[in-house]
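Peer 1: To get the numbering used here, take the position in the sequence shown, counting from 1, and add 28. Here it is, the structure, as structure tokens.
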Amino acid sequence: MQAGRQVAVVGCGVAGLVAIKSCLEEGLEPTCFEMRSDIGGLWYPADEQYINLGPGMYDSLITNTSKAMMCFSDFPCPAHYPPYLPHRLYLQYLHIYTDHFHLREHIHFNTKVVNVHKHDDYSKNGRWVVVKETKTNSGETKQEGLEFDCVMLCQGFYRIPRSPKIAGMDSFVGGVIHAQKYRRPEPYRNKTVLVFGNAASAGDISVDIASVAKQVYLCIGDGALNISRLHNGRTPLDFRIRRALFYSVPSWLAMRAVLHSVRKWLDPVCSGLDPNPSRPLAQIHLVINDQLPFKIITGQVKVVGHVKSLEHDKAHLEDGTTLHDLDEIVFATGYEHDFHAVDSSVISPDPDGEKLELFKMAFPLSQEHDTLALIGCLRANGPIPPILESQARLAARVMAGRHKLPDQATMKRDVDHMNKKLLERHGRYNYSFHYLLMCDDICTELGAQPVWWRLLLRGDLQMALAVLFGPAHPFHYRLMGPGAWGGARQATLRAYNETVFSIQHRRVDKSVSRMSATRFPKVFLQICILVAAVFVAFWHCGY
Numbered sequence: 029m030q031a032g033r034q035v036a037v038v039g040c041g042v043a044g045l046v047a048i049k050s051c052l053e054e055g056l057e058p059t060c061f062e063m064r065s066d067i068g069g070l071w072y073p074a075d076e077q078y079i080n081l082g083p084g085m086y087d088s089l090i091t092n093t094s095k096a097m098m099c100f101s102d103f104p105c106p107a108h109y110p111p112y113l114p115h116r117l118y119l120q121y122l123h124i125y126t127d128h129f130h131l132r133e134h135i136h137f138n139t140k141v142v143n144v145h146k147h148d149d150y151s152k153n154g155r156w157v158v159v160k161e162t163k164t165n166s167g168e169t170k171q172e173g174l175e176f177d178c179v180m181l182c183q184g185f186y187r188i189p190r191s192p193k194i195a196g197m198d199s200f201v202g203g204v205i206h207a208q209k210y211r212r213p214e215p216y217r218n219k220t221v222l223v224f225g226n227a228a229s230a231g232d233i234s235v236d237i238a239s240v241a242k243q244v245y246l247c248i249g250d251g252a253l254n255i256s257r258l259h260n261g262r263t264p265l266d267f268r269i270r271r272a273l274f275y276s277v278p279s280w281l282a283m284r285a286v287l288h289s290v291r292k293w294l295d296p297v298c299s300g301l302d303p304n305p306s307r308p309l310a311q312i313h314l315v316i317n318d319q320l321p322f323k324i325i326t327g328q329v330k331v332v333g334h335v336k337s338l339e340h341d342k343a344h345l346e347d348g349t350t351l352h353d354l355d356e357i358v359f360a361t362g363y364e365h366d367f368h369a370v371d372s373s374v375i376s377p378d379p380d381g382e383k384l385e386l387f388k389m390a391f392p393l394s395q396e397h398d399t400l401a402l403i404g405c406l407r408a409n410g411p412i413p414p415i416l417e418s419q420a421r422l423a424a425r426v427m428a429g430r431h432k433l434p435d436q437a438t439m440k441r442d443v444d445h446m447n448k449k450l451l452e453r454h455g456r457y458n459y460s461f462h463y464l465l466m467c468d469d470i471c472t473e474l475g476a477q478p479v480w481w482r483l484l485l486r487g488d489l490q491m492a493l494a495v496l497f498g499p500a501h502p503f504h505y506r507l508m509g510p511g512a513w514g515g516a517r518q519a520t521l522r523a524y525n526e527t528v529f530s531i532q533h534r535r536v537d538k539s540v541s542r543m544s545a546t547r548f549p550k551v552f553l554q555i556c557i558l559v560a561a562v563f564v565a566f567w568h569c570g571y
């Protein structure tokens with residue numbers, strides 16, 4: 029074991045917080061550097077001083093995943109929190125987490141890391157030099173190089189705004205911004221606004237601006253699917269993801285089920301959202317937004333296709349129509365890779381940085397020592413905090429000498445397989461993963477993957493069934509293995525009621541309610557499906 033090693037943690041958002049805590053759990057000594065004056069990272073309140081540091085947190089933002097999925101594996105959200113959290117409430121949760129585990133004393137605020145490079149003796153001991161920058165009382169900047177045994181980079185890598193190149197862009201006479209700088213709708217009052225994008229932020233911003241604008245056009249390109257946060261008006265959508273079904277039902281069939289569900293929510297053909305049929309199912313974007321259908325059916329948001337060119341205050345579409353009298357354009361079109369302080373050659377063998385070679389999306393294959401880890405350099409279909417926490421837990425155990433990674437050849441095969449699948453699925457290296465698949469993969473390496481038959485051998489049938497057939501909560505990754513938490517079982521059992529009924533402030537007797545229909549046919553059908561799923565899973569695994 030190598031307890032007591034000095035670890036530099038760069039960044040104090042969600043990734044940085046779980047990195048500090050994971051280091052402390054493994055007996056390491058973390059020192060975190062945060063350029064802002066407080067914790068939160070992307071969840072930090074909007075501030076002009078930090079407006080170019082990555083995706084912005086606009087005032088109306090609400091989490092797309094429920095509180096029981098966004099929380100950390102050993103720290104549930106307070107029971108009184110609503111199922112979906114406004115961003116300020118999630119930031120409050122991060123503060124509670126920070127104070128509960130005494131993380132703040134390990135953080136140096138108002139400190140920018142400008143460079144991370146190998147120590148002269150790196151080949152012998154794997155040490156790094158972190159160059160930090162602070163401001164003196166006189167306002168001058170001061171740089172200092174500090175030596176560390178290990179480094180966890182927790183700044184993410186989506187900082188450079190990506191905007192499409194459109195003919196005639198220079199001639200547009202209105203205002204143009206990227207979503208990175210969007211904060212609130214008031215500047216767009218009584219204006220005609222064109223929003224580009226086919227993911228969550230484009231939907232959010234369109235809806236937000238539509239509350240005050242004269243007209244909003246949503247340029248959705250090849251289309252997208254709009255879905256609600258709730259399933260059947262009751263259960264959070266992410267509660268429908270169960271391991272038994274996830275690993276036994278083909279992805280194409282699951283996507284077909286999503287398509288069927290979407291048609292009940294808002295007809296994609298009538299609304300103009302319908303994805304291009306030539307686009308593979310795996311590449312269809314999902315826009316999770318409960319207000320977008322209302323804005324569309326009231327005409328406040330009009331969905332349009334690809335823009336061919338811009339001219340003064342006009343946008344010419346590929347279908348031959350023209351949008352007139354445009355005042356503003358907002359690009360909600362994503363971000364480019366940027367590794368900030370560390371040389372990109374450390375992370376990627378690709379000159380353009382598109383293809384990454386990171387074992388479990390954390391450890392660069394190019395390094396001879398496992399003393400550098402990237403936490404959060406990916407995107408997730410679903411909640412990302414559980415992935416970041418899983419990466420941090422694995423990295424901390426490796427750096428403490430309590431876990432040995434596979435040999436280089438094995439890791440190379442794993443990374444090559446991952447990159448091949450990404451290219452086949454998305455047509456490019458976009459490093460977007462399903463959260464359950466990624467968490468299970470990382471925690472299998474860590475030894476914390478919940479295994480239902482081991483729970484069954486313990487005599488805990490209820491938890492074995494919960495892991496297989498229940499919502500895939502983060503608490504499952506604390507049921508066994510390194511870092512097991514005694515409260516994980518209870519947190520799993522309480523999650524449904526504490527999420528679904530957290531909005532109930534007037535008690536209703538279900539037994540006499542006219543709105544409470546019998547569930548027998550539905551329950552019977554679910555049991556049949558689950559039995560079939562178990563059979564398929566056993567057959568697939570060769571048991």
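No residue lacks a Cβ here, since even glycine has one placed at the ideal position from N, Cα and C. Predicted model, so just to flag it, every value in this text is computed and none were measured.
(1) Between which two residues does the alpha helix (DSSP H) carrying Ile-27 extend?
(2) Per DSSP, Ile-391 is paired with what?
(3) Rounding to the nearest angstrom, what Cα-Cα distance links Ser-50 and Phe-129 in this structure?
(4) Considering only the beta carbon of each residue, do Ile-403 and Gly-44 sit closer than 9 Å?
(5) Under the DSSP definition of a beta bridge, which residues are partnered with Ser-337?
(6) When you compare the CB positions of Ala-369 and Val-37, do they come within less than 9 Å of one another, or not?
(7) My parser needs the alpha helix (DSSP H) runs of 4 or more residues fully inside the region 229–278; what are they?
(8) Could you tell me if Phe-461 is buried or exposed, where buried requires 16 or more neighbouring beta carbons within 10 angstroms of its beta carbon?
(9) With a 10 Å radius around its C-beta and 16 neighbouring C-beta atoms as the bar for buried, classify Gly-231 as buried or exposed.
(10) For a quick check, are the C-beta atoms of Ile-415 and Ala-408 less than 9 Å apart?
(11) Which of helix, strand or coil does DSSP assign to Pro-502?
(12) With a Cβ-Cβ cutoff of 9 Å, do Phe-497 and Arg-270 count as a contact?
(13) Does Leu-131 come out as helix, strand or coil in the three-state DSSP assignment?
(14) Roughly how many angstroms separate the alpha carbons of Asp-442 and Asp-371, rounded to a whole number?
(15) Work out the CA separation of His-288 and Pro-296 for me, nearest whole Å.
(16) Shortest alpha-carbon distance to Asn-218 belongs to which of Ala-228, Ala-195, Ala-238, Lys-242?
(17) Can you give me the C-alpha to C-alpha distance between Leu-314 and Ile-248, rounded to a whole angstrom?
(18) For the beta strand (DSSP E) containing Met-180, list its first residue and its last residue.
(19) Alpha carbon to alpha carbon, what distance is there between Gly-455 and Lys-170?
(20) Quick one: is Arg-64 buried, meaning 16 or more other Cβ sit within 10 Å of its Cβ, or exposed?
(21) Given this structure, state the Cα-to-Cα distance separating Val-158 from Tyr-463, to the nearest angstrom.
(22) So Gln-532 is in the alpha helix (DSSP H); what residue range does that whole segment cover?
(23) Tell me, please, which residues DSSP counts as bridged to Val-159.
(24) As a quick exercise: from Trp-513, Asn-525, Ala-500, pick the residue whose alpha carbon is nearest that of Met-97.
(25) Going by C-alpha to C-alpha distance, which of Phe-359, Val-335, Thr-361 sits closest to Thr-350?
(26) Between Gln-34, Ser-337, Asn-254, Phe-367, which has its C-alpha nearest Ile-324's C-alpha?
(27) Could you tell me if Asp-435 is buried or exposed, where buried requires 16 or more neighbouring beta carbons within 10 angstroms of its beta carbon?
(28) Could you check where the alpha helix (DSSP H) with Asn-447 kicks off and where it finishes?
(29) On the DSSP bridge list, what partners appear for Asn-409?
(30) Looking at the strands, I want to know which residues DSSP matches up with Glu-364.
(31) Quick one: Cα of Gly-69 to Cα of Glu-62, how far?
Peer 2: Reading it off the structure:
(1) What the structure shows of the chain is the stretch from 29 to 571, and residue 27 is not part of that stretch, so it cannot be assessed.
(2) Ile is not the amino acid found at residue 391; the sequence shown has Phe there. For Phe-391, which the question treats as bridged, DSSP gives the partners Phe-387.
(3) C-alpha separation (whole angstroms): 11 Å.
(4) It is a contact, given that the beta carbons lie within the stated cut-off.
(5) Note: Ser-337 sits in a beta bridge opposite Ala-195, His-344.
(6) If you check the CB distance, Ala-369 and Val-37 do not come in under 9 Å.
(7) Unbroken alpha helix (DSSP H) runs of no fewer than 4 residues, entirely contained in the region 229–278, are found at 271–274, following chain order.
(8) By the Cβ-count criterion, Phe-461 is buried, with 16 or more other Cβ atoms from all chains shown falling within 10 Å of its own Cβ.
(9) Gly-231 is buried by the Cβ-count criterion.
(10) It is a contact, given that the beta carbons lie within the stated cut-off.
(11) Correct three-state label for Pro-502: helix.
(12) By the CB criterion at 9 Å, Phe-497 and Arg-270 fall inside the cutoff.
(13) Here Leu-131 carries a coil assignment [DSSP, helix/strand/coil].
(14) One C-alpha to the other measures close to 24 Å.
(15) Those two C-alpha atoms are separated by around 11 Å.
(16) Per the Cα distances, Lys-242.
(17) Those two C-alpha atoms are separated by around 11 Å.
(18) Residues 178–181.
(19) Rounded to the nearest whole angstrom, the C-alpha separation of Lys-170 and Gly-455 is 45 Å.
(20) Of the residues assessed, Arg-64 falls on the buried side of the cut-off, its CB having 16 or more other CB atoms within 10 angstroms.
(21) Going by C-alpha positions, Val-158 is about 31 Å away from Tyr-463.
(22) Premise fails: Gln-532 is in no alpha helix (DSSP H) and is neither H nor E.
(23) Asn-143, Gly-173.
(24) Each of Trp-513, Asn-525, Ala-500 was checked against the Cα of Met-97, and the nearest Cα belongs to Ala-500.
(25) Considering only alpha carbons, the answer is Val-335.
(26) Here the closest residue by C-alpha is Asn-254.
(27) It is exposed - the Cβ of Asp-435 has fewer than 16 other Cβ atoms within 10 Å.
(28) In the DSSP assignment, Asn-447 falls within the alpha helix (DSSP H) that extends over 436–454.
(29) Answer by DSSP bridge pairing, in chain order: His-462.
(30) Looking at the DSSP output, Glu-364 shares a beta bridge with Ile-188.
(31) Approximately 9 Å between the Cα atoms of the pair.
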